[in-house]
Amino acid sequence: MTVDPRTELSDFLRSRRARLSPDDVGLPQYGRARRVPGLRREELAQLAGVSVAYYTRLEQGNGRNVSTEVLDSIARALRLTDAERDYLGNLTSSKRPKKKAATRTMVRPALRHLLDSIGVPAYISGRRTDILAWNPMAEALFGDWGELEPRDRNWARLIFLRPRYQELFVNWEAKAADIVAFLRSDAACCIDDPEMAALVGELSLKSDLFRQLWAAHEVKDKSFGTKVVRHPLVGELTLSYEALAMPAEPGMFLNTYHAEPGSPSAEGLQLLANWGTDASRSVTTKA
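At position 87 of the sequence shown the residue is numbered 87 (the UniProt record's numbering), and the sequence of numbers has no breaks.
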């Protein structure tokens with residue numbers, strides 16, 4: 001499934017316009033009945049300070065030669081988040097990366113040593129939600145990723161195609177939605193990436209939920225939050241996560257999970273650390 005930037009731009013703008021009502025932006029509701037949800041094109045153009053014809057061309061996928069000022073005005077009118085504004089900018093950029101070779105990013109030895117020195121579950125992720133390296137604590141929490149083929153060390157494939165991971169996350173639907181939103185953000189940066197196209201195509205064929213979430217055009221940046229993990233040995237763990245961008249390694253993130261000191265979840269993590277590989281075997285990653 002090839003990601004077409006013109007189609008992506010058109011669908012994204014339509015979806016963002018559809019989620020706004022006149023009441024949301026302080027416009028009066030009058031005139032003919034609305035046949036579809038959301039603002040009309042002329043209303044959005046008015047809010048953004050551009051002509052209806054100009055906005056129509058943009059929503060039809062013609063994003064060439066659009067100035068930053070115009071994109072900012074449209075982003076404000078659509079009430080885009082920072083992540084969505086970046087996504088819009090990537091879709092309209094004339095300086096997209098060249099086609100990437102179908103290889104996984106290598107992790108420097110120093111970064112692997114850093115992972116081993118961190119006393120909480122930690123791993124390095126790359127483009128397309130690939131899992132590139134991890135420490136023993138991450139293995140104890142999430143299972144032995146080393147048993148998987150390299151192409152399967154990927155959060156999107158794990159969440160949508162392996163039932164054990166649907167059991168591992170208490171609210172796995174939220175995790176699934178986050179994964180798709182991250183993929184969307186990456187897709188705009190890697191329009192010509194054959195691995196991205198293959199991944200989206202595979203998941204679209206194999207998962208109804210993935211197709212639904214992909215069609216929603218939600219976009220998010222990796223940042224921080226809380227997840228509840230249901231581990232087969234220690235039960236439910238409430239964990240805070242941080243996704244730290246690595247400026248020297250574009251597209252890479254250092255991801256850590258930790259529990260509130262003195263909490264039952266912290267005690268559970270300590271038990272996993274003590275059990276080591278025995279804990280990782282309890283999370284079946286071959287299903």
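Quick reminder that beta carbons are idealized off the backbone N, C-alpha and C, glycines included.
Please read these numbers as outputs of a predicted model, since none were measured by experiment.
- Distance from ASP116 to ASN135 at the Cβ level is roughly 6 Å; contact confirmed, criterion being Cβ atoms closer than 8 Å.
- Taking each of GLU195, LYS206 and ALA197 in turn and checking the Cα distance to ILE159, the smallest one comes out for LYS206.
- 8 Å or more divides the Cβ of VAL120 from the Cβ of ASN171.
- Secondary structure remark: continuous beta strand (DSSP E) runs of at least 3 residues inside the region 213-255, in chain order: 224-231 and 235-245.
- The alpha-carbon separation between TYR55 and PRO163 amounts to approximately 44 Å.
- By the neighbour-count criterion, in which 16 or more other beta carbons inside 10 Å mark a residue as buried, GLY268 falls on the buried side.
- Separation of LEU148 and ASN154 (C-alpha to C-alpha, rounded to the nearest whole angstrom) is 10 Å.
- Taking 8 Å as the cut-off, the beta carbon of LEU91 is found closer than this to the beta carbon of LEU9.
- Sixteen is the threshold: when 16 or more other Cβ atoms of the shown chains lie within 10 Å of the Cβ of SER125, as they do, the residue is buried.
- Between ALA177 and LEU209, the alpha-carbon positions lie close to 9 Å from each other.
- DSSP places LEU20 outside both helix and strand once states are collapsed to three, so it counts as coil.
- In this structure, the CA atom of ASP11 is about 15 Å from the CA atom of ILE191.
- Bounds of any beta strand (DSSP E) do not take in SER73; it lies within the alpha helix (DSSP H) bounded by 68-78.
- In the displayed model, LEU27 falls within coil according to three-state DSSP, outside both helix and strand.
- In this structure, ALA273 and ALA140 form a Cβ contact; the two beta carbons are roughly 7 Å apart against a cut-off of 8 Å.
- HIS258 is bridged by DSSP to SER240.
- DSSP places ASN154 in the strand class (E or B) of the three-state scheme.
- In the assembly as shown, MET106 is an exposed residue. Its beta-carbon has fewer than 16 other beta-carbons within 10 Å.
- Taking C-beta separations shorter than 7 Å and ignoring five residues to either side along the sequence, the partners of LEU71 in its chain run LEU88, GLY89 and THR92, following chain order.
- According to DSSP, residue pairing for TRP134 in a beta bridge involves TYR123.
- Under DSSP, the beta-bridge partners assigned to PHE169 are VAL229.
- Here the alpha carbons of LEU213 and ALA181 stand approximately 8 Å from one another.
- Setting aside the 5 residues that flank it on each side, ARG211 is surrounded in the same chain by SER204, each with a C-beta closer than 7 Å to its C-beta; the list follows chain order.
- Rounded to the nearest whole angstrom, the C-alpha separation of TRP275 and MET252 is 29 Å.
- Bounds of the alpha helix (DSSP H) holding PRO194 are 194-206.
- The alpha-carbon of ASP24 is positioned some 42 Å away from that of PHE142.
- Remark: C-beta atoms of ASP221 and SER185 approach each other more closely than 8 Å.
- Annotation: LEU20 to ALA110 spans about 47 Å, alpha carbon to alpha carbon.
- Annotated three-state conformation of LEU161 is helix, per DSSP.
- Of the residues assessed, GLY63 falls on the buried side of the cut-off, its CB having 16 or more other CB atoms within 10 angstroms.
- Just measuring C-alpha positions, the residue of ASN255, ALA216, SER240 and GLN270 sitting nearest LEU233 is GLN270.
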